[in-house]
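In this note's numbering, the protein residues as written are 599 to 1157. Beta carbons: idealized from backbone N, C-alpha and C, even for Gly. Accompanying notes for the structure given below.
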RNA sequence: UCCCCUUUAGUGUAACGGUUAGCACAUAACUCUCUGAAAGUUACGGUCGUGGUUCGAAUCCACGAAGGGGAACCA
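Dropping the structure here:
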């Protein structure tokens, strides 16, 4: 369990850490995963979680979970709960180091007072619009606010009054005094505190002034003893500010911010706003819809934590914007499930087969292996009888030349059972095939050592013993590789109308009767499936996690 | 328009001045198979461009191009 054969590949961040360890800059590595509790975590967060917690694990360091909750209007406990659940589910543990940026509000306030005393911050009483107007543009420097030279005493008094709730939202802000002419807009006297008379999910009504991210983040990192503060590329231009606050407050043992490219996956969207729109506008059933790239969606879809961690390792970490092929994610689950999932017989689109020469009332209990990749998973019995169901598409009346399943006069092996031969095709008045009449060769029972072999082997269920089930097949949610990547088109235009297909008449082998939510199986020759949380004894519901790779249909389709 | 970042096969990533530029996924072919899966073998295919430095450049420099980010009292 401990030693991994497939070690996490190195990356530029690990190289920086190696170097910091070598030079003695640090002796212990400390990272953090700092989500804002304003939405559900998705696969992109999983990358960050695996990076931060993975580094802590590999360097015998620590990784904190910290809720970056400096904006009460957007945050909610619903999200802090789901985030904890998802991080744990992914297999990571923050021990007792779960923090909130809001835990630091008092300290943050004191540091702000210090900055005012040092002449590094001032209260600005301009309106938001005036602030915007004075900021200038990327090509033109900003202008000094008329409030920029208020005395420290006046600033202190005003800032305290802001805190005491004397002023309304938007009437004053605290600003860092930096450089209104900086080519980096973030350095043009950024807002440090704003007034928000809102109830905070953690601190309630204790505060009515809230620190901005740019200010709270470096200090929170510093207070937790973070050595490497990893974030995504869009914060690159914030780094000078991050460093500026640490410098202005003369803090020692400073954390270092390092940016990496966020994860993008083909055929999906990753922004919280877009995911929210998919939920709110009813394109999906909720945050945990199995088509969603959210952690809870992937979990419900049947993805395993192991497969997501392996995926994150394979994706790697770098600084260039990338669009990762979702096939890599799918490969990661297949790889994991192939080793762990029990094989089961399940017929999604049933076609009746009657074995005419099989005794009417005989039921044989045939033995089959649970997972050929893992002998220790053992064997089980499957009932076999005269009337069976096979997969509709495993029969072709006029077979394609390379088709080697069942067709008139041809033979096929029923997995773990017998070789059968199709003798007669029964059709209804409309000409639809409704039944196949076959004969079986009693000498070919599985495990009997029969020398006969046929090209095809198909799965089946016994009509009398099969259970009914609902099976949900999922396709990609979007028909475009990069639905959010078109300036001229809304991502909704690329929604795949056929991303969900519900099959109602599926028939599954009786061993599947007591599957519990989340149980994972391979339905032989069909794919990997898991029991949906909404599944009941009365109505078994399965989600297809991912189909098996299928070279035959692909080859045929190409012709 | 100004600032910052990035650029290696179809995709993702490695190589840190000296390797036939590696690995994974994808794709294709074959072998095997009581899953047309898995497994195994093979194939395919790459350093953004132009100059320069150097005995030697994916790697260093310059210029250019392309992509991304940046002007919330969001994170």
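query = So residue 720 and residue 773 are in contact, right, with Cβ under 8 Å, and what is the actual spacing, rounded?
reply = By 1-based counting over the first chain, the position of residue 720 is 122. By 1-based counting over the first chain, the position of residue 773 is 175. A Cβ-Cβ distance of about 6 Å is found for the pair residue 720 and residue 773, placing them in contact under the 8 Å criterion.
ask   = Does the pairing of the segment 1107–1121 with the segment 916–927 give three or more beta-carbon distances under 8 Å?
value = With the cut-off at 8 Å, the segment 1107–1121 and the segment 916–927 do not touch.
inquiry  = Check for me: the alpha helix (DSSP H) holding residue 1104 runs from which residue to which?
reply    = As a working note, residue 1104 is residue 506 in the first chain. It is not in any alpha helix (DSSP H) - residue 1104 instead sits in the beta strand (DSSP E) that spans 1098–1106.
message = Looking at the strands, I want to know which residues DSSP matches up with residue 1144.
response = For the purposes of this step, residue 1144 is identified with residue 546 of the first chain, where counting begins at 1. DSSP lists 1126 as partners of residue 1144.
ask   = When the distance is taken between beta carbons, is residue 991 closer than 8 Å to residue 1053?
value = As a position in the first chain, residue 1053 is number 455, starting the count at 1. As a position in the first chain, residue 991 is number 393, starting the count at 1. Taking 8 Å as the Cβ cut-off, residue 1053 and residue 991 do not qualify as a contacting pair.
request  = List the DSSP bridge partners of residue 722.
outcome  = Mapped onto the first chain, residue 722 falls at position 124. Per DSSP, 771.
ask   = Per the contact definition of three or more C-beta pairs closer than 8 Å, is the segment 742–757 in contact with the segment 709–723?
value = The segment 709–723 vs the segment 742–757: in contact.
message = Which runs of the beta strand (DSSP E) at least 3 residues long sit entirely within the segment 946–996? Give them in chain order.
response = Runs of the beta strand (DSSP E) inside the segment 946–996: 948–953, 962–967, 977–982 and 985–989.
request  = Compute the distance between the beta-carbons of residue 824 and residue 630, then report whether it is under 8 Å.
outcome  = Here residue 824 refers to the residue found at position 226 of the first chain. Here residue 630 refers to the residue found at position 32 of the first chain. Yes, the Cβ-Cβ distance between residue 824 and residue 630 is below 8 Å.
query = Is it buried or exposed for residue 694, if we count other Cβ within 10 angstroms and need 16 for buried?
reply = By one-based count along the first chain, residue 694 stands at place 96. The residue is exposed, with fewer than 16 neighbouring Cβ atoms inside 10 Å.
query = Cβ atoms of residue 1097 and residue 1135: under 8 Å apart, would you say?
reply = One-based indexing of the first chain puts residue 1135 at position 537. One-based indexing of the first chain puts residue 1097 at position 499. With contacts defined as CB atoms closer than 8 Å, residue 1135 and residue 1097 fail to qualify as a contacting pair.
ask   = Taking all protein chains shown into account, do 16 or more other C-beta atoms lie within 10 angstroms of the C-beta of residue 889, making it buried, or fewer, making it exposed?
value = Position 291 of the first chain, counting from 1, holds the residue named residue 889. By the neighbour-count rule (16 or more Cβ atoms within 10 Å), residue 889 is buried.
inquiry  = Among the candidates 731, 705, 840 and 841, whose CA atom is the shortest distance from the CA of residue 821?
reply    = Counted from its first residue, the first chain places residue 821 at position 223. Ranking 731, 705, 840 and 841 by Cα distance to residue 821 puts 705 first.
task = Run through the segment 664–701 for me and flag every whole beta strand (DSSP E) of 3 or more residues, listed as ranges in chain order.
result = List check, beta strand (DSSP E) in window: 696–698.
ask   = Going along the chain, which unbroken runs of the beta strand (DSSP E) with 3 or more residues stay wholly within the segment 742–797?
value = Whole beta strand (DSSP E) segments, 3+ residues: 771–774 and 789–793.
query = Contact between the segment 891–900 and the segment 640–650: three or more CB pairs below 8 Å?
reply = At 8 Å Cβ cutoff, the stretches touch.
ask   = If we count the other Cβ atoms within 10 Å of its Cβ and call it buried at 16 or more, is residue 1032 buried or exposed?
value = By 1-based counting over the first chain, the position of residue 1032 is 434. Only exposed fits residue 1032, as fewer than 16 other CB atoms lie within 10 angstroms of its CB.
inquiry  = On the criterion of 16 or more Cβ atoms from any shown chain inside 10 Å, does residue 742 qualify as buried, or is it exposed?
reply    = Position 144 of the first chain holds residue 742. So residue 742 ends up on the exposed side.
ask   = Out of 1007, 903 and 944, which has the shortest C-alpha to C-alpha gap to residue 686?
value = Residue 686 sits at position 88 when you count from the first residue of the first chain. Closest option to residue 686, Cα to Cα, is 903.
query = Hey, would you say residue 1143 sits closer than 8 Å to residue 899, going by beta carbons?
reply = Against the first chain, residue 1143 aligns to sequence position 545. Against the first chain, residue 899 aligns to sequence position 301. Yes, they are a contact pair.
query = What is the rounded straight-line gap between the Cα of residue 556 and the Cα of residue 1057?
reply = It is not possible to answer for residue 556, since the shown part of the chain is limited to 599 through 1157.
Segments of 3+ residues assigned as beta strand (DSSP E) that fall wholly inside the segment 1037–1077 = Segments of the beta strand (DSSP E) lying fully in the segment 1037–1077: 1058–1060 and 1065–1072.
ask   = Of the residues 1034, 994, 831 and 925, which one's Cα is nearest the Cα of residue 865?
value = Position 267 of the first chain, counting from 1, holds the residue named residue 865. Looking at the Cα atoms, 925 is the closest of the given residues.
ask   = Name the DSSP bridge partner or partners of residue 854?
value = Residue 854 sits at position 256 when you count from the first residue of the first chain. Note: residue 854 sits in a beta bridge opposite 826.
query = Relative to the C-alpha of residue 856, which residue among 614, 1113 and 845 is closest?
reply = One-based indexing of the first chain puts residue 856 at position 258. The residue with the shortest Cα to Cα distance from residue 856 is 614.
ask   = What are the boundary residues of the alpha helix (DSSP H) that includes residue 815?
value = Within the first chain, numbered from 1, the residue matching residue 815 stands at position 217. For residue 815, the uninterrupted alpha helix (DSSP H) segment begins and ends at 811–821.
key: Per-residue burial, residue 657 [other beta carbons within 10 Å of its own, 16 or more giving buried]   = Against the first chain, residue 657 aligns to sequence position 59. Burial state of residue 657 is buried, judged by a 10 Å Cβ sphere holding 16 or more other Cβ atoms.
ask   = residue 1027 to residue 1006, Cα distance in whole Å?
value = On the first chain, residue 1027 is found 429 positions in, with the first residue counted as 1. On the first chain, residue 1006 is found 408 positions in, with the first residue counted as 1. Cα-Cα distance, rounded: 19 Å.
ask   = Roughly how many angstroms separate the alpha carbons of residue 682 and residue 994, rounded to a whole number?
value = For the purposes of this step, residue 682 is identified with residue 84 of the first chain, where counting begins at 1. For the purposes of this step, residue 994 is identified with residue 396 of the first chain, where counting begins at 1. Distance between the alpha carbons of residue 682 and residue 994 is about 51 Å.
request  = Return the chain-ordered list of same chain residues with a C-beta closer than 7 Å to the C-beta of residue 852, the five sequence neighbours on each side being excluded.
outcome  = As a first step, residue 852 is located in the first chain; it is residue number 254 there, counting from the start. Excluding residues within five positions, the ones whose Cβ falls inside 7 Å are 820 and 844.
ask   = Distance, Cα to Cα, residue 1126 vs residue 932?
value = Within the first chain, the letter at position 528 stands for residue 1126. Within the first chain, the letter at position 334 stands for residue 932. Each residue's Cα considered, the two are about 8 Å apart.
Best match in 951, 1099 and 770 for proximity to residue 986 [C-alpha to C-alpha] = Reading the first chain from its first residue, position 388 is the one you call residue 986. That would be 951, whose Cα lies nearest to the Cα of residue 986.
request  = Apply the 10 Å Cβ neighbour rule to residue 785 and answer buried if 16 or more other Cβ atoms are within range, or exposed otherwise.
outcome  = Residue mapping note: residue 785 aligns to position 187 of the first chain, counting from 1. Taking every protein chain shown into account, the CB of residue 785 has 16 or more other CB atoms within 10 angstroms, so this residue is buried.
key: Presumed contact (8 Å Cβ cut-off) between residue 840 and residue 710, rounded CB distance   = Start at 1 with the first residue of the first chain, and residue 840 comes out as number 242. Start at 1 with the first residue of the first chain, and residue 710 comes out as number 112. At roughly 16 Å, the Cβ-Cβ gap does not stay under 8 Å, so residue 840 and residue 710 are not in contact.
query = What's the gap between the Cα of residue 662 and the Cα of residue 692?
reply = Along the first chain, one-based indexing puts residue 662 at 64. Along the first chain, one-based indexing puts residue 692 at 94. Spanning the two alpha carbons is a distance of roughly 5 Å.
task = Give the DSSP bridge partners of residue 942, in chain order.
result = Here residue 942 refers to the residue found at position 344 when the first chain is read from its first residue. As DSSP reads the structure, residue 942 sits in a beta bridge with 1121.
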